[in-house]
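Trainee: Protein chains in written order, with my numbering: chain A, 1 to 343; chain B, 1001 to 1776.
Every residue, glycine too, gets a C-beta built ideally from N, C-alpha and C.
Input: one structure, supplied below.
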């Protein structure tokens, strides 16, 4: 048989063999059989030596051309196999609704999340966040806050005492004094932290709770700035439509003083039978006011030059409304299901 | 304060709708905690018992002929036993509705058609025990046929009003009436206190203590003690005060009306016919009006006659001089005491009263005269003879004048108010306003009314203006903040710590910081004691976060919080603690995957929190297993402790599983450094493994340190990766596999170089740690 026919036959033979090569292993076996070191092409090449010398170059070229043809056949077959594999892969169907279980995440306690979100708002507006000791003096807690020893309001802070002049802070306000004593005005801070009062524990009370305190003192600082910042904080925590209203109240360390209400997030402010706000459309979140001149004087600020505001809000209260939690003790029960839901 | 709207309307015209009043009070700073609405009542009229006869067919019934001002009297049968001819009583006519839902229909009682019902106080929605047992008695002068419900305001709501401790003036009907009058733009009808005093009536009060600042005393004779007028009794009952008698009720009425507490003594029972305000004698005993015996001490203030205590100042009177049915002459006390002394006395004696609730606060001195005069007037109305009052102690000071700069209103509130509006608001509240002669422009001289002892400074006036202008006029604004000079380091560190632990898969919990004694006793330490705990469960401060975490019995939890120690001074530190817990059994005595996992978390934690990798060394700390406890250090300072919980504590705290704990003192964490990037070498590295045999006491960290030191910089990573204890290495020894990766920055490391390095390493390990290569 002429070399030419021999090579054509080989190509045809491979073409038919490749149709039954269904995977890469079969393809590899064929490659070895045809193009391998002791394969069919090698055998034909050996025949070149028997040809007259002048025919050898042509024969060599024919063989090389034939090899290229075979390689193209292999490449096409390879591609075919890969396409079939992709098709097979695409055939697969899983029940993607099986095992809808979240991977375990680490998480923050909802109290920390609420504190962080509130602080974030103030930090964005140039406030610093300070932390302070939970054990503090009567001077920081009361005297310097315009609550002298015999003041009737002192009784309202039913506090845990460690020594006659040392107690677990019943509010975060002592940090107003510590901050103003440490830094000259202007000052703009928030202080989150634990506080303690001698309350019996029930669904609405814990003797240990968290507050966030805000304080800004400087020239030209007024009541409207307090309302603006509190509105911003409430929007950060509850949503963009929150409003804040003030109601007159009394705190010895502020004058004028105000209770802070915000739109009830439970009903958006309109709910007749809303269980979050009891139908009033507002929820009470804390106390506030313009810093009393006696407090400014106690820390060496001049109340004729600077003015300022302060507020204190209960974090548990904010978090209960925010996450719709009905029992304040959830925060200390630490049930995995509770922590997981709010993670 | 219980505030019957029916009473309040005596002094001020108010809207019919309760809700409008409630909202106004709230925006004035007096939130209404509750609205008590009366039961639906109708068809009840005043009727006179023209005739009372025994029922012909029933021993226990009476048949009354009742004149209700109509042409024909009603015939009404009743089972009540307190009925008598001539009485004027409330009568429920056919169709009437009574408290408790009872509706009156015609009925026949033992053969007699009854055309209505005689009514008890309880059936009018009043406290049953405070009125006649049986049918309620009305004043004989009550117009027959008049609507009893309307007449006495029994159809009106009673508000429970919260009054802040600075506003003692508003702990009275008049005080709230003044506020509402100002807010509704109307005026107050002041009660009548005009009296023509009888001549004589000398009376002496000696004040021995400066804590009695003023004492107005007044004698009253020709007193006839009897049941008070119906309107007075109903007013008091609605306000939560039990009616006693016309005289006693007047003292309570005046207190609730004006805010000035009064005390009435039976004058003829006062030894020496005079009063002395003095410190109590040590051990002195007194029985109060309610029959309770108290033992007194000199820090308490009393009002005594020449023999014994007749009144605990500001709190309660003594039984000895109680006004009773036989009383003919009384002495009125309208006094002002140091509030703090009354409060301390009350809390020491566990005694509080409506009087002390007012005396404890800053009652104005001038109110004593007001209260005495009003009582005098009401007693005169009861037919008594009242002598002129005598004032002792300090005279009531002239009303204070407070200067108010108009610009201060703007400076504090942030919005402008016209001078006219400022003046109008202040005057509506009873202040007198003059523009100052000194600096007439924008400065007001404001005279404070006698009842507003809480207003002393300019800011107080600004609050009054803001309140009445409406707090809603405060315009929300974002304040300017300059460059912040105050760092938030502690907060940021705490946040970073919490974030890191959450990233590592730990869940944050929050536990209570007050604990029972059993916690620190089981832990084997001391703890800071609370001087006034609410219960034994809250008697001590936590000294560590770990016990409470153990009690939760959860895997991978953490807490950040303050712990407290007592080293003469109280030491407060902020700790973070994180816990792993497993119930899987321990595999081998000399290895502990849980510990390795916890330590990996701790190392990652320090790296993330500080930007640096810590060293690890064995350590011993109370609370941890003595053989499985590591310190993580930076520059030799301990940053964290990580290890297995001491198994003895595991038993004590019933952990029911193996627990591993790490603890960090946040103050020890250095501020994070910004890491510097080091580009990897472009040349290939070589890796060599060594199987070493060392004494059991030699730590992996020691081996790694020696290797690193021996080939200075060439060894890029050195990691002990396998440990073996057992017969093949012999007792007291262990085998450690170490992988050393070596690399140069400037050229490809050759095998020959690596061999040389390994030689040096083995030499150093042998000489410094006695390590040998494991054979076979």
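#1: Do residue 1037 of chain B and residue 1147 of chain B have their CB atoms nearer than 7 Å?
#2: Using a C-beta to C-beta distance shorter than 7 Å, which residues of chain A count as neighbours of residue 1538 of chain B?
#3: Strictly below 9 Å CB to CB, what residues from chain B border residue 144 of chain A?
#4: What residues from the stretch 213-227 of chain A come within 7 Å of chain B, judged by C-beta to C-beta, listed N to C?
#5: Determine the closest residue to residue 1170 of chain B out of B:1194, B:1091, B:1364 and B:1665, with distance taken between C-alpha atoms.
#6: Whole angstroms is fine: what's the gap from residue 284 of chain A's alpha carbon to residue 230 of chain A's?
#7: For residue 1413 of chain B, return the contacting residues in chain A, with the cut-off set at a CB-CB distance below 7 Å.
#8: Between which two residues does the alpha helix (DSSP H) harbouring residue 64 of chain A extend?
#9: Would you kindly work out how many angstroms separate the C-alpha atoms of residue 1072 of chain B and residue 1041 of chain B, rounded to a whole number?
#10: Buried or exposed, going by whether 16 or more other CB atoms sit within 10 Å of the CB of residue 1369 of chain B?
#11: So is residue 1673 of chain B buried or exposed if we call it buried at 16+ other beta carbons inside 10 Å?
#12: Taking the straight line between their C-alpha atoms, what separation do you get for residue 1629 of chain B and residue 1652 of chain B?
#13: Give me the Cα-Cα distance between residue 190 of chain A and residue 215 of chain A, rounded to the nearest whole angstrom.
#14: Quick check on residue 1008 of chain B - is its C-beta less than 7 Å from some C-beta in chain A?
#15: With DSSP as the reference, label residue 106 of chain A as helix, strand or coil.
#16: Using a C-beta to C-beta distance shorter than 7 Å, which residues of chain A count as neighbours of residue 1444 of chain B?
#17: Given 8 Å as the limit, is there contact between the stretch 1302-1322 of chain B and the stretch 1337-1352 of chain B, that is, 3 or more CB pairs closer than that?
#18: Could you check whether the Cβ of residue 141 of chain A sits closer than 7 Å to any Cβ belonging to chain B?
#19: Closer than 7 Å by C-beta to residue 387 of chain A: which residues in its own chain qualify, once you throw out the five before and the five after it? Chain order, please.
#20: Quick one: what's residue 313 of chain A bridged to in DSSP?
#21: What is the rounded straight-line gap between the Cα of residue 6 of chain A and the Cα of residue 20 of chain A?
#22: How would you label residue 1683 of chain B, buried or exposed, when you count the other beta carbons within 10 angstroms and need 16 or more for buried?
#23: Find the nearest neighbour of residue 1121 of chain B within the set B:1130, B:1468, B:1115 and B:1114, judged by alpha-carbon distance.
#24: For residue 1644 of chain B, which of helix, strand or coil comes out of DSSP?
#25: Using 8 Å as the cut-off, can you tell me whether the stretch 314-324 of chain A makes contact with the stretch 197-215 of chain A, which would need three or more C-beta pairs spanning the two stretches below that distance?
#26: Please state whether DSSP places residue 1308 of chain B in a helix, a strand or coil.
#27: Run through chain A and tell me which residues come within less than 8 Å of residue 1562 of chain B, C-beta to C-beta.
#28: Pick from B:1411, B:1125 and B:1328: whose alpha carbon is nearest that of residue 221 of chain A?
#29: Just curious, the alpha helix (DSSP H) that residue 1218 of chain B is in, first and last residue?
#30: Between which residues of its own chain and residue 1664 of chain B is the CB-CB distance below 6 Å, once the five residues before and five after are set aside?
#31: Are the C-beta atoms of residue 64 of chain A and some chain B residue less than 7 Å apart?
#32: How would you write the range of the alpha helix (DSSP H) that residue 234 of chain A sits in, first residue to last?
#33: Whose C-beta lies closer than 7 Å to the C-beta of residue 227 of chain A among residues of the same chain, with five residues either side of it excluded?
#34: Output, in chain order, the set of chain A residues within a Cβ distance shorter than 8 Å of residue 1136 of chain B.
#35: Got a sec, what are the start and stop residues for the alpha helix (DSSP H) residue 1709 of chain B sits in?
#36: Please state whether DSSP places residue 1097 of chain B in a helix, a strand or coil.
Mentor: Straight from the coordinates:
#1: Here residue 1037 of chain B refers to the residue found at position 37 when the second chain is read from its first residue. Here residue 1147 of chain B refers to the residue found at position 147 when the second chain is read from its first residue. No, they are not a contact pair.
#2: By 1-based counting over the second chain, the position of residue 1538 of chain B is 538. The contacting residues are 207.
#3: To locate residue 144 of chain A, count along the first chain from 1; it is residue 144. In chain order: nothing, as chain B lies at least about 17 Å away.
#4: 216, 221, 222, 223, 224, 225 and 227
#5: Taking the second chain and counting its residues from 1, the one referred to as residue 1170 of chain B is at position 170. It is B:1364 whose Cα lies nearest to the Cα of residue 1170 of chain B.
#6: Here residue 284 of chain A corresponds to residue number 284 of the first chain, with the count starting at 1. Here residue 230 of chain A corresponds to residue number 230 of the first chain, with the count starting at 1. Approximately 12 Å, taken between the alpha carbons.
#7: Reading the second chain from its first residue, position 413 is the one you call residue 1413 of chain B. Those within 7 Å of residue 1413 of chain B in chain A are 222 and 223.
#8: By one-based count along the first chain, residue 64 of chain A stands at place 64. Bounds of the alpha helix (DSSP H) holding residue 64 of chain A are 56-91.
#9: Here residue 1072 of chain B refers to the residue found at position 72 when the second chain is read from its first residue. Here residue 1041 of chain B refers to the residue found at position 41 when the second chain is read from its first residue. Spanning the two alpha carbons is a distance of roughly 24 Å.
#10: Numbered from its first residue, the second chain carries residue 1369 of chain B at position 369. It counts as buried.
#11: For this step, residue 1673 of chain B is matched to residue 673 along the second chain. Classification of residue 1673 of chain B: exposed, given that the 10 Å Cβ count is below 16.
#12: To locate residue 1629 of chain B, count along the second chain from 1; it is residue 629. To locate residue 1652 of chain B, count along the second chain from 1; it is residue 652. When rounded, the distance between both Cα atoms is 19 Å.
#13: Walking along the first chain from the start, residue 190 of chain A turns up at place 190. Walking along the first chain from the start, residue 215 of chain A turns up at place 215. Each residue's alpha carbon lies about 6 Å from the other.
#14: For the purposes of this step, residue 1008 of chain B is taken as residue 8 along the second chain, with counting starting at 1. Not one chain A Cβ lies under 7 Å of residue 1008 of chain B.
#15: Taking the first residue of the first chain as position 1, residue 106 of chain A is located at position 106. Looking at residue 106 of chain A - three-state DSSP - the assignment turns out to be coil, as it is neither helix nor strand.
#16: Residue mapping note: residue 1444 of chain B aligns to position 444 of the second chain, counting from 1. The contacting residues do not exist; residue 1444 of chain B stays about 17 Å from chain A at best.
#17: yes
#18: In the first chain, the residue the question calls residue 141 of chain A occupies position 141. With 7 Å as the cut-off, residue 141 of chain A does not count as an interface residue toward chain B.
#19: Residue 387 of chain A is absent from the structure shown; chain A starts at 1 and stops at 343.
#20: Locating residue 313 of chain A in the first chain gives position 313, counting from the first residue. DSSP lists A:212 and A:286 as partners of residue 313 of chain A.
#21: On the first chain, residue 6 of chain A is found 6 positions in, with the first residue counted as 1. On the first chain, residue 20 of chain A is found 20 positions in, with the first residue counted as 1. So the alpha carbons of these two residues sit roughly 22 Å apart.
#22: Along the second chain, read from residue 1 onward, the residue named residue 1683 of chain B stands at position 683. Residue 1683 of chain B is exposed by the Cβ-count criterion.
#23: One-based indexing of the second chain puts residue 1121 of chain B at position 121. If we check each option's Cα against that of residue 1121 of chain B, B:1130 comes out closest.
#24: Numbered from its first residue, the second chain carries residue 1644 of chain B at position 644. In this structure, residue 1644 of chain B counts as strand in the three-state DSSP scheme.
#25: yes
#26: Translated into the one-based positions of the second chain, residue 1308 of chain B becomes position 308. Residue state, collapsed to three classes: coil.
#27: The residue labelled residue 1562 of chain B in the question sits at position 562 within the second chain. Residues of chain A passing the Cβ test: 133, 134 and 194.
#28: Within the first chain, residue 221 of chain A is the residue found at index 221, counting from 1. The shortest Cα separation from residue 221 of chain A among B:1411, B:1125 and B:1328 belongs to B:1411.
#29: Along the second chain, one-based indexing puts residue 1218 of chain B at 218. Per DSSP, residue 1218 of chain B belongs to no alpha helix (DSSP H); it is in the beta strand (DSSP E), 1212-1221.
#30: The residue labelled residue 1664 of chain B in the question sits at position 664 within the second chain. Contacts found: 1576 and 1640.
#31: As a position in the first chain, residue 64 of chain A is number 64, starting the count at 1. So, not an interface residue.
#32: For the purposes of this step, residue 234 of chain A is taken as residue 234 along the first chain, with counting starting at 1. Element bounds for residue 234 of chain A: 223-238.
#33: Against the first chain, residue 227 of chain A aligns to sequence position 227. Excluding residues within five positions, the ones whose Cβ falls inside 7 Å are 244 and 246.
#34: Your numbering for residue 1136 of chain B matches position 136 in the second chain. Chain A residues near residue 1136 of chain B: none, gap ~36 Å exceeds 8 Å.
#35: To locate residue 1709 of chain B, count along the second chain from 1; it is residue 709. Where residue 1709 of chain B is concerned, the enclosing alpha helix (DSSP H) stretches over 1700-1710.
#36: Within the second chain, the letter at position 97 stands for residue 1097 of chain B. Strand.
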